[in-house]
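Protein chains in written order, with the working numbering: chain A, 1 to 255; chain B, 1001 to 1255.
Here a beta-carbon is modelled for each residue, glycine too, at the ideal position from N, C-alpha and C.
Here the structure comes first, spelled out in structure tokens, and everything after it is commentary.
Number of protein chains: 2
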Amino acid sequence: MTQEAPDRDHMAALEKGLAVIECFDAAHDKLTIADVARATALSRAAARRCLLTLAKIGYAEFDGKFFRLTPRVLRLGHAWLASAALPQLVQPFLERLSEETHESSSACLLDGHEILYIARSAQRRIMSVGLSVGTRLPAFCTSMGRVLLAARDPADARARILAGRSRALTPHTVTDPDRLATILAEVRDQGYCIVDQELELGLISIAMPLINTRGEVVAAFNLSGQVQRSSAAEMAERFLPGMRQLQALLRPLVS
Amino acid sequence: MTQEAPDRDHMAALEKGLAVIECFDAAHDKLTIADVARATALSRAAARRCLLTLAKIGYAEFDGKFFRLTPRVLRLGHAWLASAALPQLVQPFLERLSEETHESSSACLLDGHEILYIARSAQRRIMSVGLSVGTRLPAFCTSMGRVLLAARDPADARARILAGRSRALTPHTVTDPDRLATILAEVRDQGYCIVDQELELGLISIAMPLINTRGEVVAAFNLSGQVQRSSAAEMAERFLPGMRQLQALLRPLVS
DNA sequence: CCCATGAAGTGCGTTTATCGCACAGTATTT
DNA sequence: AAATACTGTGCGATAAACGCACTTCATGGG
């Protein structure tokens, strides 16, 4: 794909090594050299050099057959968490919101066609997958994702939706780009978004944009609950006032 | 320091790039090329190549003067979080413990002379610094650190304490290696550890080892509260039973 | 039991990525 | 305004990284 200029200042080895780290995930906790070579499209020799290097500097370990990451890689993610203002600012407010409502709350950024969790206060485990800071979910079918997409130029939002090659995660998931465009327009108008079991059956989530001093949408935050406990309409009624309050509270504090 | 063999299979560029990422932290959220060169002991040219590479692949951004990390680096840390069993297993139990006690609970691994947070459920902000998954604190003056050190060979524990070049963080901090050795022996005997304002004034923390099916100490978990609300003795009385219960509950579930 | 398969390790010749220096341009400081 | 500090660029030298080809080893099926 990239048959372009060789780029004088580009450390290919670094790029490859990071790709190697990223190819570990929940479904692939331990990988062989050949696994990594396939997953990253590197040559086996290159993958091997990366993995051995990672092992040597303590980011991975090797038992003779499989490589695993070590907790040391958390240093890398934490480097951003510690240096970015927003996660630290928002976290205590989420904890308060969560305590008041007895529901889990989170904050996300938009990254490509995905939302990226940057802060979270969990009240109880409601989703089948564990959410944590660093988790990514598709933007098009999440309440925070739609809030963030609605804040972008419609063409940009559509491009991001298409980039994700959206597929339905439940029978309720809306995947049609045109219907999504309509929904985003509504979200933009009403200033919040409710997603009712489009990400996972039984899960309802309500999100609102996080706006900075200049009026820009920089992130989104949400509350999520179970459909058994309360309907979408009930959640809106119960939670919107508190969320609006938090939005107003944070506005003068963000960048 | 390493004037050794050149090591046939070692990608120096990868090691340097990771060092560059790690030199960002709370106190250094944006850095110039020269800053990074100093912090990592790389040549300016090498630091520049690393930063430009990171920027090109989306892990950093450059405004013409300063480099910052982007949230994309969270992918790296999340690669481990998602692939390791322990954090995901422990997190919901911490949330329950935290809900029952109305105090913040965490789980940590021992990494060198530091403890590394791998899961956490915060009830309210009690420490002056925000704790999150990926945070590191010195082992010698934290309840979880002492639990984890106590589980090691005494010589190994002492070596780790000395490696940290411990300094007092409050007037109560014990830094003397011999006194610490005595404390660790007590911790080993009683099976838990209370640290009373040695890490931060006003903060009391009680920790217990997390033991796996083979009887090995693989991690530690804790509850922390404020001294104004309850004394160390009160905390022990109120929290130890629940923590013992959790310890027993987790034991058959861990590795 | 033996052969087919897939993966790991090794050696090597080639290539080019990486290195650090040196110089020039620019911003910041005193 | 001189001085300091930092950035960007070019370049030649070096060795670092590359990928191929081959061997070895483990696994599993016939």
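Item: Are the beta-carbon atoms belonging to B:Pro1071 and A:Asp111 less than 8 Å from one another?; Value: yes
Item: Leaving out five residues on either side along the sequence, give the residues of the same chain with a beta carbon under 7 Å from the beta carbon of B:Arg1044.; Value: Ile1033, Ala1034, Ala1037
Item: Considering only the beta carbon of each residue, do A:Thr213 and A:Arg179 sit closer than 8 Å?; Value: no
Item: Between which two residues does the alpha helix (DSSP H) containing B:Arg1096 stretch?; Value: 1085-1101
Item: Taking 6 Å as the limit between beta carbons, can you name the residues of its chain near A:Leu199, skipping five residues before and five after?; Value: Cys141, Thr142, Leu169
Item: Give the residues of chain B in contact with A:Gln88, contact being defined as C-beta atoms less than 7 Å apart.; Value: Gly1130
Item: To the nearest angstrom, how far is the alpha carbon of B:Arg1167 from that of B:Ala1060?; Value: 34 Å
Item: Out of B:Phe1221, B:Gln1245, B:Met1243, B:Ala1232, which one is the CA nearest neighbour of B:Leu1109?; Value: B:Phe1221
Item: By the criterion of Cβ-Cβ separation under 9 Å, what are the contact partners of A:Asp63 in chain B?; Value: Correct list: empty, because the minimum Cβ distance to chain B is about 14 Å.
Item: In angstroms, rounded to a whole number, what distance separates the CA positions of B:Ile1194 and A:Ala248?; Value: 40 Å
Item: For A:Pro104, tell me which candidate among A:Glu186, A:Gly225, A:Ala46, A:Leu253 has the shortest Cα-Cα distance.; Value: A small fix is needed here, since residue 104 of chain A is Ser in this sequence, not Pro. Checking every option, the nearest Cα to that of A:Ser104 belongs to A:Gly225.
Item: For A:Ala46, count neighbouring Cβ atoms within 10 angstroms of its own Cβ and tell me buried if that reaches 16, exposed if not.; Value: buried
Item: For A:Gly202, I'd like the list of residues in its chain whose CB is within less than 6 Å of its CB, leaving aside the five on either flank, ordered along the chain.; Value: Gln226, Val227
Item: Would you mind sorting A:Ser98 into buried or exposed? The rule is 16 or more other CB atoms within 10 Å of its CB.; Value: buried
Item: Can you give me the C-alpha to C-alpha distance between A:Leu148 and B:Ser1255, rounded to a whole angstrom?; Value: 40 Å
Item: Step through the CB atoms of chain B and report whether any lies within less than 8 Å of the CB of A:Leu249.; Value: no
Item: Grab me the residues of A:Ala39's own chain with a C-beta within less than 6 Å of its C-beta, minus the 5 sequence neighbours each way, in chain order.; Value: Cys23
Item: Output yes or no for whether 8 Å exceeds the beta carbon distance between A:Ala151 and A:Gly145.; Value: no
Item: May I have a chain-ordered list of the alpha helix (DSSP H) segments no shorter than 4 residues that lie completely inside the stretch 1113-1178 of chain B?; Value: 1143-1150, 1154-1163
Item: Just to check my reading of the structure: A:Leu51 and A:Lys16 have Cβ atoms closer than 8 Å, yes? What is that Cβ distance to the nearest angstrom?; Value: At roughly 11 Å, the Cβ-Cβ gap does not stay under 8 Å, so A:Leu51 and A:Lys16 are not in contact.
Item: Leaving out five residues before and five after B:His1113 in sequence, what residues of the same chain have Cβ atoms less than 6 Å from its Cβ?; Value: Ala1139, Arg1160, Ala1163, Gly1164
Item: Evaluate A:Arg244 with the Cβ neighbour count: other Cβ atoms within 10 Å of its Cβ, from every protein chain shown; 16 or more gives buried, anything less gives exposed.; Value: exposed
Item: Kindly give me the distance between the Cβ atoms of A:Trp80 and B:Val1073, rounded to whole angstroms, as I take these residues to be in contact under 8 Å.; Value: 5 Å
Item: CA-CA distance, B:Thr1175 and B:Leu1094?; Value: 30 Å
Item: For chain B, find out if any of its Cβ atoms is closer than 8 Å to the Cβ of A:Met127; answer yes or no.; Value: no
Item: Examine chain B for any beta-carbon lying closer than 8 Å to the beta-carbon of A:Asp176, and answer yes or no.; Value: no
Item: Between which two residues does the alpha helix (DSSP H) harbouring A:Ala233 extend?; Value: 232-250
Item: Please report how far the alpha carbon of B:Ala1013 lies from the alpha carbon of A:Leu18, in whole angstroms.; Value: 11 Å
Item: Scan the stretch 1040-1061 of chain B for residues whose Cβ lies nearer than 8 Å to a Cβ of chain A and list them as they occur along the chain.; Value: Arg1048, Arg1049, Cys1050, Leu1052, Thr1053, Leu1054, Lys1056, Ile1057, Tyr1059
Item: To the nearest angstrom, report how far apart B:Ala1026 and A:Leu210 are at their CA atoms.; Value: 22 Å
Item: Taking Cβ to Cβ, would you say A:Asp29 is nearer than 8 Å to A:Arg68?; Value: yes
Item: Please report whether the beta-carbon of B:Asp1025 lies at a distance below 8 Å from any beta-carbon of chain A.; Value: yes
Item: In whole angstroms, what is the alpha-carbon distance linking B:Pro1177 and B:Arg1158?; Value: 7 Å
Item: Per DSSP, which one or two residues make a beta bridge with A:Asp25?; Value: A:His28
Item: Less than 8 Å between CB atoms is the rule here; does B:Gln1226 satisfy it with respect to chain A?; Value: no
Item: Express the C-alpha separation of A:Gly130 and B:Ala1085 in angstroms, rounding to a whole number.; Value: 12 Å
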